[in-house]
Amino acid sequence: MKAAALAALVAALPAAVLAQSYELGRSGDLVVSERLRIFAQGRAFAAEASPWSRTLALKSDLIAQGFFHEGPAPDWILTEVTARPTLGWSPNLNGGVGQRRIDFAGGWLEVDPAYVAKSGPTVGIAVEGEARLAWGLGRFLEAEADGAISRARESGYERRDRTLGLCSRNHLAGWSFLDLCLRETKSSRSLSDFEQRETSVQLAQLFAVPGSYHEVRLELGERRRPEFDQPYAGLELHSVWSGLATRVGLALGRPVPGRSVERVNAFTEARWRMGGAATGVAVWHSEASGGQLFGIAQEDRSTGIALFRQLTPRLDVTVSYERTDSTVALFRSDQIGLDLTWQIELR
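For reference, each letter of the sequence shown is one residue, going -19 to -1, 1 to 328 in mature numbering (1 follows the signal peptide of the UniProt record, and there is no 0).
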C-alpha cells in the first residue's frame, strides 16, 4: 500500500472524530457514494477500528478514486464489466396508458386495447461497463456504457435501454470535489420512446458531526430532449449513521411553456443490515405540469415506494409500487413491479 495516500487521509482527520466507532466504518459499506464510503472507512482505519478486509476495501476505493496516482502520465485505474440477468414483473411492458376507459365530457371514451398498458413477467439482462483514467491525484475521467433488454415471453413485448456517460471527477482540496458530466439516455418500448441528453456540474462537500458522516451535493444542469431543453437544480444529502446509511434529495426543473415536464422530484432512501444482509427502503415523489390534453391542463403527481433485499452477495430482490394521479384521467395508474437480479463480474 502506498503510505502517502493513507498518510494524507489520516492527516485530514480532526482529532475529535478519530474515536468514531467500528460501526460507522461498517455502515460505510451500505452507502452508494464511493467518496462517503472512503470518508467513513478511512476514519475507522485511523481509529484502528477497521478489520483487515475493510482496510483492503478502503485501499481499493482509494485506487478507484485516483488517490494512488503518481507522476504526470495518465493511468488506467479501473475497468469493469458487469452482467445482471434479471427475472421480474413489469407493470407496463409496452409503454401504454394506464386506463381502459376515461370519463370525458359527461360520457365515457373507450381506449383501444392495443394502447393500454400490459403487465406481465419478464426476463432480461443488463450489461454495465465502466473505465477510469486518472490524470492527477484524486482526478480522473470516467466513461460509462450501460445497456439493458427485457422481454415478456408470452406477449413478445420488449424494452431496450441504453445509457452513455462521460464525467470529469476532480478532487479540489480537503474533502471538496467538483464533477462535470455529460450523459445520454435512450429507452424504447412498443408504444413509447424516450431520448434525453444531460449536462451537469456538481459540487460535493464531505464532513463529520458527532455520531455521523455526511456528503452534501449541489448540482446544476440541463436536460435536452428532441422537443425542448430544461434547466434544473438539485440538492442531495448522503449520510452514514451507526448501522444505517441514508440519502435524501430534491430536484427542481424550470417550466417549459406548452410542455408537460417534471418540475419537482424528491426522494429518500435508507439502508441497513438485517440478518447480516443489506436491506433498504426508498420513497419518491415527482410532479409534472405544463402541457394540455383534450383542452385540460395536465398535472401529474407520482408517489412510489420500493423495498430492497440482498439475498446473497450476488443476488438482490426489489419490490416496488407507484401511484400516479393526473388531471387527465388517461394517465392515472397504479403499478407494481418486481425484480430479481443476479450480478456477474465479467472483468
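C-beta atoms are modelled at their ideal positions from N, C-alpha and C, and glycine is treated no differently. This structure is a prediction, so every number in the text was calculated from the model and none was measured.
Secondary structure of residue i, DSSP reduced to three states
i: S307; result: strand
i: L37; result: helix
i: Q46; result: coil
i: Y194; result: strand
i: Q22; result: helix
i: A54; result: coil
i: A154; result: strand
i: A27; result: helix
i: R16; result: helix
i: P94; result: helix
i: L11; result: helix
i: N246; result: strand
i: P212; result: strand
i: K167; result: strand
i: Q80; result: coil
i: S2; result: Any reading at S2 needs caution, since the residue's pLDDT is 43, under 50, leaving its predicted position unreliable; the model's value is listed next. S2: coil per DSSP, three-state reduction.
i: R205; result: strand
i: A129; result: strand
i: P238; result: coil
Identity of the residue in the options nearest residue i by Cα
i: S157; options: V300, L17, L327 and A310; result: L17
i: V78; options: R141, K99, R35 and R143; result: K99
i: I19; options: D160, R206, W33 and Q46; result: Q46
i: P207; options: L319, K40, A258 and K167; result: K167
i: L288; options: T103, W265, L145 and S241; result: W265
i: P212; options: L184, R244, S193 and G224; result: R244
i: residue 342; options: V182, A185 and L68; result: Outside the shown range of the chain, which is -19 to 328, sits residue 342, and nothing can be said about it.
i: G256; options: I277, S241 and R290; result: R290
i: W70; options: L327, E326, T322 and W89; result: T322
i: A115; options: Q273, T305, I325 and F49; result: F49
i: residue 329; options: L184, E15 and Q80; result: This structure leaves residue 329 out entirely; the chain is present only between -19 and 328.
i: A214; options: G285, R313 and G234; result: G234
i: R252; options: G224, R240 and S267; result: G224
i: T308; options: G202, D281, V190 and L327; result: D281
i: G23; options: F248, G146 and F188; result: F188
i: R205; options: E326, P191 and T180; result: T180
i: D56; options: I286, L118 and L74; result: L118
i: R313; options: I83, E217, L39 and A25; result: I83
i: S283; options: V262, W89 and V242; result: V242
Rounded C-alpha distance that separates residue i from residue j
i: W222; j: R134; result: 44 Å
i: A54; j: D142; result: 36 Å
i: H195; j: P72; result: 36 Å
i: G52; j: P236; result: 47 Å
i: P294; j: Y96; result: 40 Å
i: T227; j: R254; result: 13 Å
i: S270; j: Q279; result: 6 Å
i: L11; j: A259; result: 7 Å
i: L153; j: R178; result: 27 Å
i: C162; j: E91; result: 45 Å
i: L37; j: S131; result: 36 Å
i: L319; j: L292; result: 14 Å
i: L274; j: V182; result: 35 Å
i: R35; j: E15; result: 14 Å
i: P66; j: L296; result: 10 Å
i: N246; j: S149; result: 25 Å
i: F209; j: R328; result: 39 Å
i: E203; j: H219; result: 23 Å
i: E268; j: E176; result: 20 Å
i: L145; j: G128; result: 9 Å
i: V197; j: F248; result: 15 Å
i: D160; j: E200; result: 9 Å
i: P191; j: Q324; result: 36 Å
i: E139; j: N151; result: 39 Å
i: A185; j: I286; result: 27 Å
i: P32; j: A232; result: 38 Å
i: F26; j: L147; result: 32 Å
i: G272; j: D306; result: 15 Å
Contact between the region 116 to 123 and the region 60 to 69 (3+ Cβ pairs under 8 Å)
Under the Cβ criterion (8 Å, minimum of three pairs), the region 116 to 123 does not count as touching the region 60 to 69.
The region 169 to 182 in contact with the region 103 to 118 per 3-pair CB rule at 8 Å
Segments in contact, no.
What ranges does the beta strand (DSSP E) occupy inside the region 260 to 325, keeping only unbroken runs of at least 3 residues that lie completely in it?
277 to 293, 296 to 307 and 314 to 323
Indicate whether the contact test is met: 3 or more Cβ pairs, each with one atom in the region 37 to 44 and one in the region 292 to 305, closer than 8 Å.
With the cut-off at 8 Å, the region 37 to 44 and the region 292 to 305 do not touch.
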